[in-house]
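Trainee: Please read through the structure below; I'll follow up with questions.
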Amino acid sequence: ESYDMGGHDTYMHKEISEQADAVDRVLRGRIDDRFSTVHLGGLNLDAREARGIRRVKILGCGTSYHAGMIGAQLIEELARIPADAEPASEFRYRNPVVDPDTLYVAVSQSGETYDVLAAVQELKRKGARVLGVVNVVGSAIAREADGGMYVHAGPEVCVVSTKCFTNTVVAFALLALHLGRIRDLSVADGKRLIAGLRKLPAQIAAILETEDEIKKIAEEYAGAQSMMFIGRVRGYPVALEASLKLKEISYIHAEAYPASELKHGPLALIEPALPTVAIVPDDDLLDKNRAALEEIKARSGRILAVAHREQEKADHTIVVPKNETELDPILMGIPLQLLAYHTALAMGRDIDKPRNLAKSVTVE
Ligand code: G6P
Numbered sequence: 242e243s244y245d246m247g248g249h250d251t252y253m254h255k256e257i258s259e260q261a262d263a264v265d266r267v268l269r270g271r272i273d274d275r276f277s278t279v280h281l282g283g284l285n286l287d288a289r290e291a292r293g294i295r296r297v298k299i300l301g302c303g304t305s306y307h308a309g310m311i312g313a314q315l316i317e318e319l320a321r322i323p324a325d326a327e328p329a330s331e332f333r334y335r336n337p338v339v340d341p342d343t344l345y346v347a348v349s350q351s352g353e354t355y356d357v358l359a360a361v362q363e364l365k366r367k368g369a370r371v372l373g374v375v376n377v378v379g380s381a382i383a384r385e386a387d388g389g390m391y392v393h394a395g396p397e398v399c400v401v402s403t404k405c406f407t408n409t410v411v412a413f414a415l416l417a418l419h420l421g422r423i424r425d426l427s428v429a430d431g432k433r434l435i436a437g438l439r440k441l442p443a444q445i446a447a448i449l450e451t452e453d454e455i456k457k458i459a460e461e462y463a464g465a466q467s468m469m470f471i472g473r474v475r476g477y478p479v480a481l482e483a484s485l486k487l488k489e490i491s492y493i494h495a496e497a498y499p500a501s502e503l504k505h506g507p508l509a510l511i512e513p514a515l516p517t518v519a520i521v522p523d524d525d526l527l528d529k530n531r532a533a534l535e536e537i538k539a540r541s542g543r544i545l546a547v548a549h550r551e552q553e554k555a556d557h558t559i560v561v562p563k564n565e566t567e568l569d570p571i572l573m574g575i576p577l578q579l580l581a582y583h584t585a586l587a588m589g590r591d592i593d594k595p596r597n598l599a600k601s602v603t604v605e
């Protein structure tokens with residue numbers, strides 16, 4: 242853990258700042274423009290086998306689980322294979338049906354998280370095919386899996402994961418594109434998504450340049466007792482991850498809900514003292530998301546929107562660059578890493594080593 246801080250005060254800040262380069266690395270050497278697809282040499286899965294997959298089940302813990310949720314949406318959307326993510330520990334303890342036509346994917350930054358490793362071992366014992374999406378080369382999960390991909394985020398020292406989360410989601414976009422192009426994703430969609438992937442590093446750099454603005458907003462919210470995070474479909478895992486990040490390093494209580502579920506309970510909590518962070522992409526759910534903002538405003542709730550354009554119902558909007566709709570969640574998570582960071586900093590927290598947490602949990 243003694244590598245250079247490169248002028249940053251914390252590893253977390255360093256790692257957030259490295260994301261444009263990190264994403265460039267996960268893309269490098271994998272895109273095939275001729276066939277509008279992606280090559281992933283380590284999957285050990287030929288086209289015939291890829292066509293035989295009936296379901297995808299993604300397993301991980303903490304931030305990696307959230308990356309897996311976005312991954313499942315990407316796979317279902319681009320490859321049209323039913324996919325979902327589940328915390329590895331829950332999966333392991335519920336005697337799941339292990340199906341030979343399901344592709345299992347274990348996600349882990351460290352590649353050493355015990356709950357994930359134990360799930361992989363149990364799956365393999367039952368004859369399942371397991372891929373690893375892992376950052377640390379040669380780690381236990383990478384060795385145990387039948388194949389997989391490295392996310393090439395580089396060393397991550399801060400206990401909470403930032404650049405590895407982003408790279409893992411990009412890795413899933415590559416996997417989804419690869420499986421999609423073997424199945425029913427068109428050449429045109431392949432091209433469109435490849436162009437979108439290539440735009441990510443510059444767009445991430447542009448978001449990071451708005452740090453001062455995000456810092457000011459964070460300082461306003463730093464006194465909150467609790468915060469609500471909402472998003473719909475693609476925005477929901479972004480909300481979950483942003484709320485986890487805030488909890489981990491600021492110790493502010495935070496909840497994440499699908500925006501559509503607000504009216505089924507959590508709306509009762511909304512009042513001026515409970516700020517809401519809303520993920521509001523310019524997609525087919527924009528009107529629905531705006532309606533949720535109105536519901537919150539009608540109850541005098543303060544709103545911070547992360548959106549592709551100013552939201553008039555919001556007290557603050559962080560505007561992020563637009564990419565292809567499927568890839569938008571990758572960018573929308575980044576300002577919220579900075580929001581958590583500057584909130585925790587304003588509260589004087591030990592950002593790289595939050596209380597009670599470890600970088601990787603290698604025991605039960
Ligand atoms: C620990 C860390 C989390 C991390 C999780 C999974 O709980 O505190 O930040 O997301 O483990 O780690 P992994 O290395 O498997 O991604």
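Residue numbers (the UniProt record's numbering): 242 to 605. Beta carbons: idealized from backbone N, C-alpha and C, even for Gly.
(1) Just reading off the alpha helix (DSSP H) that Y244 is part of, what are its end residues?
(2) Just to confirm the assignment: which complete beta strand (DSSP E) runs, minimum length 3, are found wholly within the UniProt domain "SIS" (458-595)?
(3) Is the separation between the beta-carbon of A394 and that of A581 shorter than 7 Å?
(4) When every heavy atom of the ligand G6P is checked, does at least one fall within less than 6 Å of the C-beta of V401?
(5) Using only the heavy atoms of the ligand G6P, determine whether one of them is closer than 6 Å to the beta carbon of V602.
(6) Hey, out of V297, K432, P478, whose CA is closest to A369's CA?
(7) For A417 and L372, I'd like the C-alpha separation in whole angstroms.
(8) Can you have a look at N597 and say buried or exposed, based on whether 16 or more other CB atoms are within 10 angstroms of its CB?
(9) For P328, collect the residues of the same chain with a Cβ closer than 8 Å to its Cβ; drop the 5 residues on either side in sequence, then sort them by chain order.
(10) Distance check for I575 and I448, CA to CA, integer angstroms please.
(11) Go through its chain and collect everything with a Cβ distance to I423's Cβ below 7 Å, but skip five positions before and after it.
(12) Do you know offhand how far E242's Cα is from V398's?
(13) Could you pull out every residue in the same chain whose Cβ sits closer than 8 Å to the Cβ of Y244, ignoring the five residues on either side in sequence?
(14) According to DSSP, is G373 helix, strand or coil?
Mentor: Based on what the coordinates show:
(1) Stepping through the sequence shown from its first residue, residue 244 is reached at position 3. Here Y244 belongs to no alpha helix (DSSP H), and DSSP marks it neither H nor E.
(2) Complete beta strand (DSSP E) runs here, min 3: 467-472, 494-499, 517-521, 544-548, 557-560.
(3) Walking along the sequence shown from the start, residue 394 turns up at place 153. Walking along the sequence shown from the start, residue 581 turns up at place 340. Going by C-beta atoms, A394 is not nearer than 7 Å to A581.
(4) Numbered from 1 along the sequence shown, position 160 holds the residue referred to as residue 401. Under cutoff, so the answer is yes.
(5) Here residue 602 refers to the residue found at position 361 of the sequence shown. For the ligand G6P, a non-hydrogen atom lies closer than 6 Å to the CB of V602.
(6) Residue mapping note: residue 369 aligns to position 128 of the sequence shown, counting from 1. A369 has its Cα closest to that of V297, out of V297, K432, P478.
(7) For the purposes of this step, residue 417 is taken as residue 176 along the sequence shown, with counting starting at 1. For the purposes of this step, residue 372 is taken as residue 131 along the sequence shown, with counting starting at 1. Straight-line Cα distance between these residues: approximately 13 Å.
(8) As a working note, residue 597 is residue 356 in the sequence shown. By the 10 Å Cβ count, N597 comes out exposed.
(9) By one-based count along the sequence shown, residue 328 stands at place 87. Taking C-beta separations shorter than 8 Å and ignoring five residues to either side along the sequence, the partners of P328 in its chain run L300, G301, C302, Y306, D356, following chain order.
(10) One-based indexing of the sequence shown puts residue 448 at position 207. One-based indexing of the sequence shown puts residue 575 at position 334. Cα-Cα distance, rounded: 7 Å.
(11) Here the question's residue 423 lines up with position 182 in the sequence shown. Contacts found: A288, A291, R292.
(12) Taking the first residue of the sequence shown as position 1, residue 242 is located at position 1. Taking the first residue of the sequence shown as position 1, residue 398 is located at position 157. Because the pLDDT of E242 is 46, which lies under 50, any placement of that residue in the model is unreliable, and the number read from its coordinates should be weighed accordingly. About 7 Å.
(13) Residue numbering aside, residue 244 sits at position 3 when the sequence shown is read from its first letter. If we look at Y244 and ignore the five residues flanking it on each side, its Cβ neighbours are P396, V398.
(14) Residue numbering aside, residue 373 sits at position 132 when the sequence shown is read from its first letter. Shown here, G373 sits in a strand according to DSSP, grouped into three states.
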